[in-house]
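Sequence lines, in order, name chains A and B.
By numbering that gives the first Met the number 0, the letter at position 115 of the first sequence is numbered 114, and the numbering carries on one by one without gaps.
By numbering that gives the first Met the number 0, the letter at position 123 of the second sequence is numbered 122, and the numbering carries on one by one without gaps.
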Amino acid sequence: MSAARVILVKDLRIELRTLQSLPAMALFAVTTFVIFRFGLDRTSLEGSLATGVLLVTILFAALLAINRLFVAERDEGGFDAIRLAPVDPTSLFVAKVLALLTYLAILELIAVPVFAGFFLDDAAGLLPLAGILLLLDLGLAATGAVVSTIGANSRARDLLTPLILLPLLVPLMIAAAGACEPLLAAGGPEYGDVGQWVLTMALYDLLFLLVGYATYEFLLED
Amino acid sequence: MSNEDHHQHTLLSQLKLLTRRMPSLQVLAFATVAVLGIAFAMVFFYAPNDADQGFIQKIFYVHVPIAICALIGFVVAAFHAIRHLRTGDPIHDVRSYVAIHMGVIFGTAALLTGAIWARAAWGKWWVWEEPTLVSFLIVYLLYATYYPLRYSIEDRERQARYASVFAITAGAFVPLNFMAVRLAESLVHPRVFATADGGLPPEMLLTFLVSITGMALLFITLTRFEMSAKMTKGQISRLRRALDSEAPAAPPSRIAPAVPNET
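So this is what it looks like as structure tokens:
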């Protein structure tokens, strides 16, 4: 796993030095909130509407990062380097999942407070919401790393990744929406059905981490 | 044996291979026609009209078997994809491709018949309250991206490997998706957990079973036909190359997987 750590540190260092993904994601998220304010003609949101705005924004901001996840590997020959190096190719998958997880967590640290400031009257649900979003991030990262590898090695590139990823993420988004909605309800957070949705998200994360872990080496073979 | 003789010998053996595959496909085709014919006769003359929905409910005998066949096709594709990745034998990739291809075709039919049924039963072409249909749409949307995926990867071997990874991922996705949509629905409309044929009278159940057998036979026949067509195409182009190396080969499909050499 030391190879995974090295790749992860490399990715985070590149991101810190160039700031290619994160500022764009944050800016995209905030601008999307503004568009939703006028698109929905609402100045305050709660329940399912708040959930929809937040999750759709995070999803599409995540797509920005997922699309760019393997740009360096593709353009600078990183894929070949991994193939040549005497390391487990799956370590690339592990590193990219962790890198994506980091990006998404940082994005949410910026976007969720902005969202709360813009739209929410009652911020009591934000703390449990953080746990839900972490599960969401893990699922996004697991499927995102696999699909982004496929996209990076295809001709269609930026087109193919969201095309495959969006339907693949539908169950995760259903569960995340189910879990977030009661937390953002008008009269303060409720916890009635949150449990089953958290379990569904955990199951999704586990399943696609396993599938990615099991199949990833075949994506790197040449 | 002279070179010429050897040449002729290979040609003959390949021709034999070509023709040997035909009978089983013929038998399958006749069986499909017969069972589907019986099924339709039963649908119209044997199964009783539904008490609530009347005649339109009979689309159930077409819609549900088609949808089940499509889903089984996706599972079979995942199974072949696993075998492809484990063995590296391209024939498993062809099988996986054909299974998904047929699954998508059957899926289109299932969505269309579902829409017709919804229109007749509820007056709307699409109802979000029907979790099975919604799940099916999501699965269909995912598998529809299988074609652009194959199309956008030029290298044949990589295309096959990536397609297999997709087929496995999507195969794992199918049950999870059905679970999530079902859970989401139960929150809005509490529904009794019942299987599709839970309360069916015996006549309806029997008709349904014959229909699904016929539809499964149709699925298998079409799959075998497509496999056979692909093999034949590959063999013909090899024969053509053997006969006259100058003759231009037919341009291969860019999405469909390459047929493996049998020699």
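Glycine included, each C-beta is placed from N, C-alpha and C at the ideal position.
Hey, residue i and residue j: beta-carbon distance below 9 Å or not?
i: Leu26(A); j: Thr101(A); result: no
i: Thr31(B); j: Leu217(B); result: yes
i: Val63(B); j: Val42(B); result: no
i: Leu49(A); j: Leu106(A); result: Note on identity: in this sequence residue 49(A) is Ala, with Leu being the wrong assignment. Contact: no.
i: Ser163(B); j: Leu84(B); result: yes
i: Leu148(B); j: Ser153(A); result: yes
i: Arg111(A); j: Leu125(A); result: The residue asked about is misnamed: residue 111(A) is Val in this sequence, not Arg. For Val111(A) and Leu125(A), yes; Cβs fall inside 9 Å.
i: Gly211(A); j: Ala144(A); result: yes
i: Ile6(A); j: Ala94(A); result: yes
i: Ala166(B); j: Ala109(B); result: no
i: Leu221(B); j: Ile55(B); result: no
i: Ala50(B); j: Lys57(B); result: no
i: Asp120(A); j: Ala185(A); result: yes
i: Leu27(B); j: Ile219(B); result: yes
i: Ile57(A); j: Ala183(B); result: no
i: Phe73(B); j: Val138(B); result: yes
i: Ala61(A); j: Leu21(A); result: no
i: Val126(B); j: Ala117(B); result: yes
Name, please, each residue of chain B whose Cβ falls closer than 8 Å to the Cβ of residue i.
i: Leu139(A); result: Correct list: empty, because the minimum Cβ distance to chain B is about 14 Å.
i: Ser153(A); result: Leu148, Ser151, Ile152 and Tyr161
i: Val210(A); result: Ile167, Thr168 and Ala171
i: Ile105(A); result: None at all; the shortest Cβ gap to chain B is about 27 Å.
i: Val145(A); result: Val164 and Thr168
Spatial neighbours of residue i within its chain, please: CB distance less than 7 Å, with the 5 preceding and 5 following residues excluded, ordered by chain position.
i: Thr148(A); result: Phe69 and Leu218
i: Ala175(A); result: Leu54, Ile131, Leu135 and Met200
i: His188(B); result: Its pLDDT being 44, under 50, His188(B) is placed unreliably in this model, and the coordinates cannot settle the point.
i: Pro181(A); result: Pro188, Glu189, Tyr190, Gly191, Asp192 and Val193
i: Val113(A); result: Val29 and Phe32
i: Ala215(B); result: Cys68
i: Asp196(B); result: At Asp196(B), the pLDDT of 44 sits below 50, so the modelled position is not reliable and the matter cannot be decided from this model.
i: Arg73(A); result: Ala151
i: Phe35(A); result: Val52
What does a CB cutoff of less than 6 Å around residue i pick up in its chain, not counting 5 residues either side in sequence?
i: Phe192(B); result: Only weak support exists for where Phe192(B) lies, its pLDDT of 41 falling under 50; the value from the coordinates is given anyway. Once the five neighbours on either side are set aside, Phe192(B) has no close Cβ partner at all.
i: Tyr215(A); result: Thr89 and Phe92
i: Gly138(A); result: Leu171, Tyr203 and Asp204
i: Ala140(A); result: Val96, Leu99 and Leu100
i: Ile109(A); result: Ala25
i: Val75(B); result: Ala98
i: Ile211(B); result: Pro64
i: Thr194(B); result: Low local confidence applies: a pLDDT of 47 at Thr194(B) is under 50, so the model's placement there is unreliable, with the coordinate-based value given in what follows. Excluding residues within five positions, none has a Cβ falling inside 6 Å.
i: Leu167(A); result: Thr142
i: Leu128(A); result: Leu182
i: Arg207(A); result: It is Phe, not Arg, that sits at residue 207(A) in the sequence shown. So the qualifying residues of the chain are Ala141 and Thr142.
i: Ala84(A); result: none
For residue i, which residues does DSSP report across the bridge?
i: Asp49(B); result: Gly53(B)
Mind listing the chain B neighbours of residue i? Cutoff is C-beta to C-beta under 7 Å, in chain order.
i: Glu220(A); result: Arg160
i: Ala174(A); result: Ala179
i: Tyr203(A); result: Leu175
i: Leu162(A); result: Thr144 and Pro147
i: Val55(A); result: Within chain B, no residue comes near Val55(A); the closest Cβ sits about 16 Å away, beyond 7 Å.
Are there 16 or more other CB atoms within 10 angstroms of the CB of residue i, so buried, or fewer, so exposed?
i: Gly170(B); result: buried
i: Lys123(B); result: exposed
i: Phe118(A); result: buried
i: Thr86(B); result: exposed
i: Arg160(B); result: buried
i: Pro256(B); result: buried
i: Thr17(A); result: exposed
i: Phe207(B); result: buried
i: Arg94(B); result: buried
i: Ala40(B); result: exposed
i: Gln158(B); result: buried
i: Trp121(B); result: exposed
i: Gly213(B); result: buried
i: Ala179(B); result: buried
i: Ser43(A); result: exposed
i: Arg67(A); result: buried
i: Pro130(B); result: buried
i: Val173(B); result: buried
i: Asp40(A); result: exposed
i: Gly106(B); result: buried
Which same chain residues end up closer than 8 Å to residue i when comparing Cβ atoms and leaving out the 5 residues on each side of it in sequence?
i: Glu225(B); result: Val97, His100 and Met101
i: Ile81(B); result: Ser163 and Ile167
Note down, in chain order, every chain A residue with its Cβ under 8 Å from the Cβ of residue i.
i: Thr31(B); result: By Cβ distance, chain A contributes nothing, its closest Cβ being about 31 Å from Thr31(B), past 8 Å.
Using a C-beta to C-beta distance shorter than 7 Å, which residues of chain A count as neighbours of residue i?
i: Ala46(B); result: The contacting residues do not exist; Ala46(B) stays about 35 Å from chain A at best.
i: Ile137(B); result: Pro166 and Val169
i: Ala183(B); result: Ile173 and Gly177
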